[in-house]
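Novice: Before I ask anything, let me first share the structure, which is written out below as structure tokens.
In my numbering, the protein residues as written are 486 to 943.
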């Protein structure tokens with residue numbers, strides 16, 4: 486309502502004001518309307534993207550890893566408990582020839598008892614620790630899976646956008662080719678030697694039609710990928726994403742998972758060391774004897790306590806301890822290799838992102854040059870009638886536009902995949918939907934830091 490009143494005030498001023506004021510108010514009106522519409526579009530896109538993320542949060546792959554967290558957590562809760570006691574019922578010292586009776590022999594009795602085994606407390610504590618570490622590892626895996634799914638979503642959305650834009654650009658290219666075909670037909674009818682050019686145009690038309698067919702197939706591919714991820718085919722521009730500065734390798738998901746494996750291996754060593762301790766057993770038995778008739782038998786109880794002795798440690802506990810220690814050395818070596826490997830891979834990915842940014846900047850400069858050339862050729866065409874040269878320049882412009890669209894999609898895929906490897910990062914800025922933004926790295930030690938000082942598109 487307030488916007489409507491403001492618009493009416495503008496229109497009133499346009500009707501009754503001076504010419505200069507009218508012009509200024511007209512510009513302000515157009516600017517205000519376009520700004521409001523643009524902001525509404527951004528808000529709608531952000532809302533849609535947020536809804537897609539909510540759908541992504543229900544993905545079966547993510548739910549499966551969440552269940553692993555519960556599985557390991559509950560296993561840890563049960564690993565420290567005692568085994569169930571054994572309850573026993575019996576008849577003791579009854580003659581094997583069947584001549585006995587409870588009222589005839591002093592040693593014959595009916596009994597009830599129980600035995601409780603108490604496993605080594607250190608082994609149980611180490612088992613609890615190992616499973617708690619596995620539960621924490623699963624929590625990291627939940628975050629990792631979530632980030633990977635977000636990267637897949639961004640890629641699917643970016644590729645769908647690329648396909649739509651490429652189709653439109655190629656259709657424009659086909660229109661230009663048809664114009665050129667008509668131009669060469671006219672030259673042929675005029676008796677000029679233009680058959681080779683006419684054949685070339687026909688071949689390029691067929692090639693462009695084939696590209697359209699390929700793009701339709703890709704559109705189906707990425708639409709189904711989006712449906713797999715979010716159960717919907719709704720599309721939206723990907724919010725602006727930025728390559729993260731190079732962090733410490735301890736923040737990389739595969740490194741964090743490998744570190745948890747080291748912690749599990751160390752817990753296994755603690756368990757093997759604790760196995761040299763004793764297991765215990767405690768039992769109580771109550772025996773009842775008959776005291777009827779001529780036999781007066783009294784009841785009695787038995788109490789037993791047992792403790793294990795590591796008598797065969799050289800063939801049991803010691804080899805297991807050496808095995809556990811070797812396991813620690815093994816996963817530590819894997820951890821070191823994982824750090825080195827992912828440092829190399831992410832440094833390479835970061836370099837490729839910079840390459841994409843530099844390529845786009847170069848193509849944008851080339852596009853400006855071709856635009857200037859088109860303006861010049863348009864003037865020349867009016868003088869000499871060489872439409873083919875003008876069309877060739879326009880097609881070069883369309884070709885550059887296709888490359889820029891492909892670079893936009895490549896950038897989103899590269900940055901999404903790169904950022905998804907790090908824990909606890911903000912990979913998108915929902916208020917800025919312009920693609921291909923860059924930020925200055927704050928880590929001067931980054932081997933690939935070659936950021937442009939200005940912010941903006943590639």
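The C-beta atom is built at its ideal place from N, Cα and C for all residues, glycine as well.
#1: Can you list, in chain order, the residues of its chain with a C-beta nearer than 8 Å to that of residue 820? Leave out the 5 residues immediately preceding and following it.
#2: So, under 8 Å CB-CB, residue 618 and residue 749 are touching, yes? Tell me the CB distance rounded to an integer number of Å.
#3: By Cβ distance below 7 Å, which residues in the same chain neighbour residue 881 in space, the five residues on each side in sequence not counted?
#4: Rounded to the nearest angstrom, how far is the Cβ of residue 603 from that of residue 642, given a contact under 8 Å?
#5: From this set, 597, 753, 556, 575, which residue's C-alpha is nearest residue 611's C-alpha?
#6: Going by DSSP in three states, residue 915 sits in which element: helix, strand or coil?
#7: Helix, strand or coil for residue 866 per DSSP?
#8: Can you tell me where the beta strand (DSSP E) holding residue 699 begins and where it ends?
#9: Taking the alpha carbon of residue 878 as the point to measure from, which residue in 665, 559, 646, 569 has its own alpha carbon closest?
#10: Quick one: give me the first and last residue of the alpha helix (DSSP H) that residue 608 is part of.
#11: Just curious, the alpha helix (DSSP H) that residue 738 is in, first and last residue?
#12: For the pair the segment 825-835 and the segment 884-904, tell me if three or more CB-CB distances fall below 8 Å.
#13: Label residue 707 either buried or exposed according to how many other C-beta atoms from any shown protein chain fall within 10 Å of its C-beta, with 16 as the threshold for buried.
#14: Below 8 Å on the Cβ atoms is my guess for residue 907 versus residue 736; work out the distance and round it to an integer in Å.
#15: Quick one: residues in its chain with C-beta nearer than 8 Å to the C-beta of residue 638, no 5 flanking neighbours on either side, listed in chain order?
#16: Secondary structure at residue 835, three-state DSSP: helix, strand or coil?
#17: With H, G and I counted as helix, E and B as strand and the rest as coil, what does DSSP make of residue 521?
#18: If you compare alpha carbons, which of 691, 550, 793 is closest to residue 606?
#19: Find out if the Cβ-Cβ distance for the pair residue 669, residue 647 is shorter than 7 Å.
#20: Who pairs with residue 595 in a beta bridge, going by DSSP?
#21: DSSP three-state label for residue 809, please.
#22: Give a yes or no on whether the C-beta atoms belonging to residue 608 and residue 561 are separated by under 7 Å.
#23: Could you tell me the boundaries of the alpha helix (DSSP H) in which residue 792 lies?
#24: What's the C-alpha gap between residue 677 and residue 667?
#25: Nearest to residue 569 by alpha carbon, out of 729, 634, 768, 813?
#26: What are the residues that DSSP puts in a beta bridge with residue 765?
#27: Can you tell me the Cα-Cα spacing of residue 886 and residue 674, whole angstroms?
#28: Going by DSSP, what residues sit across from residue 467 in a beta bridge?
#29: Could you give the C-beta distance for residue 800 and residue 757, rounded to a whole number, given that I count them as a contact under 8 Å?
#30: What did DSSP end up calling residue 725 once you bin it into helix, strand or coil?
#31: Applying the criterion that 16 or more other CB atoms from any shown protein chain within 10 Å of the CB defines a buried residue, is residue 572 buried or exposed?
#32: Whole angstroms is fine: what's the gap from residue 598's alpha carbon to residue 574's?
#33: Report the residue from 662, 653, 644 whose alpha carbon sits nearest the alpha carbon of residue 685.
Specialist: Based on what the coordinates show:
#1: 740, 743, 744, 746, 747
#2: Going by Cβ atoms, the distance from residue 618 to residue 749 rounds to 5 Å, so yes, they are a contact pair.
#3: 855
#4: About 58 Å; that fails the 8 Å criterion.
#5: When only C-alpha atoms are compared, the closest one is 753.
#6: The predicted position of residue 915 is uncertain, since its pLDDT is 34 and thus under 50; a value taken from the coordinates is nonetheless stated next. The answer is coil: DSSP assigns residue 915 none of H, G, I, E or B.
#7: helix
#8: Residue 699 -> not in any beta strand (DSSP E); alpha helix (DSSP H) instead, spanning 680-715.
#9: If we check each option's Cα against that of residue 878, 665 comes out closest.
#10: 606-674 is the extent of the alpha helix (DSSP H) around residue 608.
#11: 738-759
#12: yes
#13: buried
#14: 5 Å
#15: Listed in chain order, the non-local C-beta contacts of residue 638 below 8 Å within the same chain comprise 537, 538, 541, 711, 714, 715, local neighbours out to five positions each way being set aside.
#16: helix
#17: Legend: pLDDT at residue 521 = 49, less than 50; position of this residue unreliable, value from coordinates given subsequently. Residue 521 falls in the helix class under three-state DSSP.
#18: 793
#19: no
#20: 576, 773
#21: helix
#22: no
#23: In the DSSP assignment, residue 792 falls outside any alpha helix (DSSP H) and lies within the beta strand (DSSP E) extending over 785-792.
#24: Approximately 14 Å, taken between the alpha carbons.
#25: 768
#26: Bridge partners of residue 765: 603, 792.
#27: 34 Å
#28: There is no way to answer for residue 467, as the model of the chain reaches only from 486 to 943.
#29: In fact, because the Cβ distance is near 14 Å, the residues do not count as touching under 8 Å.
#30: strand
#31: exposed
#32: 7 Å
#33: When each option's Cα is compared against that of residue 685, the closest is 662.
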